[in-house]
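What follows is a single structure, written as C-alpha cells, with notes after it.
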Amino acid sequence: MDKFDTLTGIAAPMPMINIDTDMIIPKQFLKTIKRSGLGVNLFDEMRYDDNGKEIPDFVLNKPQYRDAEILVAGDNFGCGSSREHAPWAIKDFGIRCVIAPSFADIFYNNCFKNGILPIALPQEQVDVLMKDAEKGANARMTIDLEAQTVTTSDGESLSFELDSFKKHCLMNGLDDIGLTMEKVAAIDSFETAVAQSRPWV
Amino acid sequence: MSPKTLYDKIWDAHVAHEADDGTCLLYIDRHLVHEVTSPQAFEGLRMTGRTVRAPDKTIAVPDHNVPTTLDRANAKTMTEDSRIQVEALDTNAKEFGLHYYPVTDVRQGIVHIVGPEQGWTLPGMTVVCGDSHTATHGAFGALAHGIGTSEVEHVLATQTLIQRKGKNMKVEITGKLAPGVTAKDITLSVIGATGTAGGTGYVIEYCGEAIRELSMEGRMTVCNMAIEGGARAGLIAPDEKTFDYCKGRPHAPKGAQWEAALDWWKTLYSDDDAHWDKVVTLKGEDIAPVVTWGTSPEDVLPITANVPAASDFKGGKVGAAQRSLDYMGLTSGTPLSEVAIDTVFIGSCTNGRIEDLRAAAAILKGKKIKEGMRAMIVPGSGLVRAQAEEEGLADIFKEAGFEWRLAGCSMCLAMNPDQLSPGERCAATSNRNFEGRQGRGGRTHLMSPAMAAAAAITGKLTDVRTMM
Numbered sequence: 001m002d003k004f005d006t007l008t009g010i011a012a013p014m015p016m017i018n019i020d021t022d023m024i025i026p027k028q029f030l031k032t033i034k035r036s037g038l039g040v041n042l043f044d045e046m047r048y049d050d051n052g053k054e055i056p057d058f059v060l061n062k063p064q065y066r067d068a069e070i071l072v073a074g075d076n077f078g079c080g081s082s083r084e085h086a087p088w089a090i091k092d093f094g095i096r097c098v099i100a101p102s103f104a105d106i107f108y109n110n111c112f113k114n115g116i117l118p119i120a121l122p123q124e125q126v127d128v129l130m131k132d133a134e135k136g137a138n139a140r141m142t143i144d145l146e147a148q149t150v151t152t153s154d155g156e157s158l159s160f161e162l163d164s165f166k167k168h169c170l171m172n173g174l175d176d177i178g179l180t181m182e183k184v185a186a187i188d189s190f191e192t193a194v195a196q197s198r199p200w201v
Numbered sequence: 202m203s204p205k206t207l208y209d210k211i212w213d214a215h216v217a218h219e220a221d222d223g224t225c226l227l228y229i230d231r232h233l234v235h236e237v238t239s240p241q242a243f244e245g246l247r248m249t250g251r252t253v254r255a256p257d258k259t260i261a262v263p264d265h266n267v268p269t270t271l272d273r274a275n276a277k278t279m280t281e282d283s284r285i286q287v288e289a290l291d292t293n294a295k296e297f298g299l300h301y302y303p304v305t306d307v308r309q310g311i312v313h314i315v316g317p318e319q320g321w322t323l324p325g326m327t328v329v330c331g332d333s334h335t336a337t338h339g340a341f342g343a344l345a346h347g348i349g350t351s352e353v354e355h356v357l358a359t360q361t362l363i364q365r366k367g368k369n370m371k372v373e374i375t376g377k378l379a380p381g382v383t384a385k386d387i388t389l390s391v392i393g394a395t396g397t398a399g400g401t402g403y404v405i406e407y408c409g410e411a412i413r414e415l416s417m418e419g420r421m422t423v424c425n426m427a428i429e430g431g432a433r434a435g436l437i438a439p440d441e442k443t444f445d446y447c448k449g450r451p452h453a454p455k456g457a458q459w460e461a462a463l464d465w466w467k468t469l470y471s472d473d474d475a476h477w478d479k480v481v482t483l484k485g486e487d488i489a490p491v492v493t494w495g496t497s498p499e500d501v502l503p504i505t506a507n508v509p510a511a512s513d514f515k516g517g518k519v520g521a522a523q524r525s526l527d528y529m530g531l532t533s534g535t536p537l538s539e540v541a542i543d544t545v546f547i548g549s550c551t552n553g554r555i556e557d558l559r560a561a562a563a564i565l566k567g568k569k570i571k572e573g574m575r576a577m578i579v580p581g582s583g584l585v586r587a588q589a590e591e592e593g594l595a596d597i598f599k600e601a602g603f604e605w606r607l608a609g610c611s612m613c614l615a616m617n618p619d620q621l622s623p624g625e626r627c628a629a630t631s632n633r634n635f636e637g638r639q640g641r642g643g644r645t646h647l648m649s650p651a652m653a654a655a656a657a658i659t660g661k662l663t664d665v666r667t668m669m
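Protein chains in written order, with our numbering: chain A, 1 to 201; chain B, 202 to 669.
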C-alpha cells in the first residue's frame, strides 16, 4: 500500500450531505475484476451527461479542480454500500484525502486499506476548509499526517483525531494481512479453544 | 461480573487477540462471498501466495449480477462483464474449496437469504460479507456486518478482522403494530427518526414488544436496514422463534451439539442493567405505513402525508431536500397518495422472503395490476420461489399481471438487466432510494411488500389499509 505522510494540493469543494457510494461509483462500474481504472468513472452520473459528455458545472470538471488531490464534503460521506470500488475510484482519480464532518463507517475503514486519509472535523472547521477550497486552484491545503493537522492556504492550522493503529499503518504503508499473520499463533489457539467450546461453529 | 449487552457478549466470545491500544482481531465464524466484491480479494491471495484459511466457514453464491429471467441458463442473457464476474466466483469457489451454490442450484439466491435458509447463520456467531446488508443476519443474534474487499481478503487469509469495538445503541419499539404496519415500516421509521448517520459508530440492538412479535423474516427486514441508519450491525436477541427457525436447517447443529448450542444461545441477551451509549424509543402504535419521498432512506413519511418542501428542513438538509425533490420530480404539498408510479419491484434481501411474498399475495389475490404497469416479483432464493409456487402465491402474482422471476438481487441495485429508465418511477421493497440506484435517472420509493402490491393495483402510492 502507498504510504501517506504529507500532502499539499488542490482541494475540491462538494458541499453536499450524504454523498453515497452509488454517487461515488455507480453500479455499472462494479463489474470489474480489477482494482484500477475506475477514476474516469468517479462521480460518473454527476460528472457526465447521458451522452457521456462532461457536465461543465460539476466541480471536478472545472479547470481549477481537475487536478484536485483533496475533497471537502458534507456530513455522512460514503454512506451506502460496502463497495471498495468507491475508494478505488477516488484514489485512481488522484484524490488522497477526503475531509468531512462525518463518514459512513465501512467507507471510512475502506479508505485506510487504500492509502487514502479520511479526516473528520467539526462542521464549523469543515466550513472554513470548504471556503478555502472554493477559492480554486491557487489555494492549496496541506495535510500533515504525523502532526495530524490540516493547514489552509491562509496558514490556519486545524488538528484532527485519528486512531493510532490506522495512522501507523497509513504512514508506513503497511499490509494488514501481513501484520495479522504475525499473530497467527493467537488465531490458532483461539480456533482450537472454540472447536472445544462451540464445536458447531 | 459487570452487566453486558448482547453485543458485548458476542464480541467478547470472538476476540482472538487484543493489542495494547485496544485494536482487536475478531474471529469470524461465517464468511459469505458473492461475485461483485470478491474477485480482487481472491486475486490478492494468488498474488501473495496465500490461501483461504477456513474454506469450511466460507460460503459463496452469485446474486448481484445474475439475470432473473427464466431464460438465464442461456449464457447470452448475461453481459460479458457480468459473465466474467460470475465465472470468476465459480473458479474461485472450486479452486479454494468453498461451500458453493452456483446459479444452476435451486438453493441459489441472495446471499443474505441463502445464509439463514441453509442454517449457516446461527445465534452468537460473527458473520461478514463484502456487502453492507450483511446486517440482515443480526436478526439471529449474530454480529453481522459488511466489509470492503480488502477486508474480504483479510478474512479469507486469516479468518479474522482487525476491529475496534463499537458503541451500544438500543432501539426499542414498544407496544403493538397497527394492522397494515410491518417490519419494513418499523425499520424505515427508525431511520426517519435517527437519520442515516444516527447509528454511525454503533451496533444497534432492536428490542421491545413489537420486535419480539415479529417473525424471523420480519426481524431480518428490520436488521437488514440497520446500515441505512449508519450502524454497521443490527441485532435482535435470539428466542424460541429463532431456535425454531434454525432447528433442522442443513447446516444447523444436531443432537448433543444442538443442545449444547441451545444452552449457550439462551445466555445471549442484554443484561438488565447493561450500559447503553444511546437509546431510541418508538411506540409501535405510532408507526404508520410509510414510503420514502426523496433520495436518502431517511426521507420517510407516512403515506397519508404530503410531499415536503425544502424549507421544512435545516442546515445541509435544505439543499439535499431540494436536490431530492428535483431528482424525484415531486412538487411539495402534493399528497403522497396521488403520486403515480410506473413500475413495482418486490424482492431484495430486505423483502424477498416467503412472508413478504405472502403479504403481497394477500393484497393481490383476485386483482389485476393497473394497465401499462410494469411489475415484477423476484424471490430471494430458489427455495423461496419453490415454496411460493407450492403455496399458490406464484399463480396469484401471475394472474395479477406480475412477472414471476428467478432469484437474485435484480432491480434493487440494477447490476443485472433489470433497471429503471430515466424518469421511471418505482414502488420498491428494496433498501436504497439513492440517485441512480435502480438505473440512471430512475425514481425509487421504498415501502413494504403489501404497500408495493397496493401501488401495483392502483398505479399510485397507496395506503394499503384502504385495501385490507
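The beta carbon of each residue, even a glycine, is placed where N, CA and C say it ideally should be. These figures come from a predicted structure and were not determined experimentally.
Got a sec, what are the start and stop residues for the alpha helix (DSSP H) residue i sits in?
i: Lys566(B); result: Careful: Lys566(B) lies outside any alpha helix (DSSP H) and carries neither H nor E.
i: Gly316(B); result: Val312 to Glu318
i: Gly347(B); result: No alpha helix (DSSP H) contains Gly347(B), which is instead part of the beta strand (DSSP E) from Leu344 to Gly347.
i: Pro13(A); result: Note, Pro13(A): premise wrong, no alpha helix (DSSP H); beta strand (DSSP E) at Thr6 to Met14.
i: Tyr446(B); result: Glu441 to Cys447
i: Tyr228(B); result: Not the alpha helix (DSSP H): Tyr228(B) falls in the beta strand (DSSP E), residues Cys225 to Tyr228.
i: Met23(A); result: Thr21 to Ile24
i: Tyr208(B); result: Leu207 to Asp213
i: Thr519(B); result: Strictly speaking, residue 519(B) in this sequence is Val, with Thr absent from that position. Run containing Val519(B): Gly517 to Met529, per the alpha helix (DSSP H) assignment.
i: Ser189(A); result: Val184 to Ser197
i: Leu246(B); result: Pro240 to Thr249
i: Ile412(B); result: Glu410 to Arg413
Do residue j and residue i have their beta-carbon atoms positioned less than 8 Å apart in this structure?
i: Ala217(B); j: Gly325(B); result: no
i: Ala340(B); j: Met421(B); result: yes
i: Ile70(A); j: Ala11(A); result: yes
i: Ser81(A); j: Ser333(B); result: yes
i: Ile106(A); j: Ala73(A); result: no
i: Lys113(A); j: Ser351(B); result: yes
i: Trp466(B); j: Arg198(A); result: no
i: Leu290(B); j: Glu236(B); result: yes
i: Gly530(B); j: Gly624(B); result: yes
i: Pro503(B); j: Ser649(B); result: no
i: Ser670(B); j: Ala560(B); result: Past the boundaries of the shown model lies residue 670(B); chain B is included only from 202 to 669, so the question cannot be answered.
i: Ala345(B); j: Val328(B); result: yes
i: Val519(B); j: Ala394(B); result: no
i: Leu463(B); j: Ala438(B); result: no
i: Thr496(B); j: Leu621(B); result: no
i: Val233(B); j: Gly316(B); result: The residue you asked about is not Val; residue 233(B) is Leu in the sequence shown. Yes, these two residues count as a Cβ contact at 8 Å.
i: Gly39(A); j: Gly115(A); result: no
Hey, could you find the ends of the beta strand (DSSP E) residue i is sitting in?
i: Gln364(B); result: Thr361 to Gln364
i: Arg35(A); result: Unbroken run through Arg35(A): none, as it is neither H nor E.
i: Ala576(B); result: Arg575 to Ile578
i: Asn369(B); result: Lys368 to Thr375
i: Arg231(B); result: Arg231 to Val234
i: Ile547(B); result: Thr544 to Ile547
Are three or more beta carbon pairs between the stretch 449-469 of chain B and the stretch 358-369 of chain B nearer than 8 Å?
-> no
Cβ-based contacts, 7 Å cut-off: residues of the stretch 77-99 of chain A near chain B | Cys79, Gly80, Ser81, Ser82, Arg83 and Glu84
So does the stretch 257-269 of chain B actually touch the stretch 290-310 of chain B, counting three or more Cβ pairs closer than 8 Å?
-> yes
Where are the beta strand (DSSP E) runs, 3 residues long or more, that stay fully inside the stretch 606-665 of chain B, in chain order?
-> 626-629 and 644-647
Ignoring anything shorter than 4 residues or poking outside the stretch 93-140 of chain A, list the alpha helix (DSSP H) runs there in chain order.
-> 105-112 and 123-133
Meets three-Cβ-pair contact criterion under 8 Å: the stretch 394-413 of chain B and the stretch 521-540 of chain B = no
Using a Cβ-Cβ cut-off of less than 9 Å, give me the residues of the stretch 223-235 of chain B that come near chain A, in sequence order.
-> Gly223, Thr224, Leu226, Tyr228, Asp230 and Arg231
Closer than 9 Å, Cβ to Cβ, to anything on chain B: give me those residues from the stretch 121-153 of chain A, in chain order.
-> Gln123
Length-filtered (3 minimum) beta strand (DSSP E) runs lying within the stretch 50-96 of chain A = 70-73
Is there contact between the stretch 126-145 of chain A and the stretch 93-102 of chain A, where contact requires at least three CB pairs shorter than 8 Å?
-> yes
With a floor of 4 residues, list each alpha helix (DSSP H) that falls wholly inside the stretch 257-304 of chain B, ordered by position along the chain.
-> 281-296
How do the stretch 246-256 of chain B and the stretch 267-274 of chain B stand: do at least 3 beta-carbon pairs fall below 8 Å, yes or no?
-> no
Evaluate contact between the stretch 479-496 of chain B and the stretch 379-387 of chain B, counting only Cβ atoms and requiring at least three cross-stretch pairs below 8 Å.
-> yes
Kindly confirm or deny that the stretch 219-228 of chain B and the stretch 158-173 of chain A touch, where touching means at least three C-beta pairs closer than 8 Å.
-> yes
Cβ pair count under 8 Å reaching 3, the stretch 292-302 of chain B against the stretch 231-245 of chain B = yes
Anything in the stretch 27-40 of chain A with a Cβ closer than 9 Å to a Cβ of chain B? List those residues in chain order, please.
-> Lys27, Gln28, Leu30, Lys31, Thr32, Ile33, Lys34 and Arg35
Go through the stretch 468-508 of chain B residue by residue and report every complete run of the alpha helix (DSSP H) that reaches 4 residues or more, in order.
-> none
In the stretch 458-473 of chain B, which residues sit with their C-beta less than 8 Å from some C-beta in chain A, listed in chain order?
-> Gln458, Trp459, Ala461, Ala462 and Trp465
So does the stretch 422-430 of chain B actually touch the stretch 549-566 of chain B, counting three or more Cβ pairs closer than 8 Å?
-> yes
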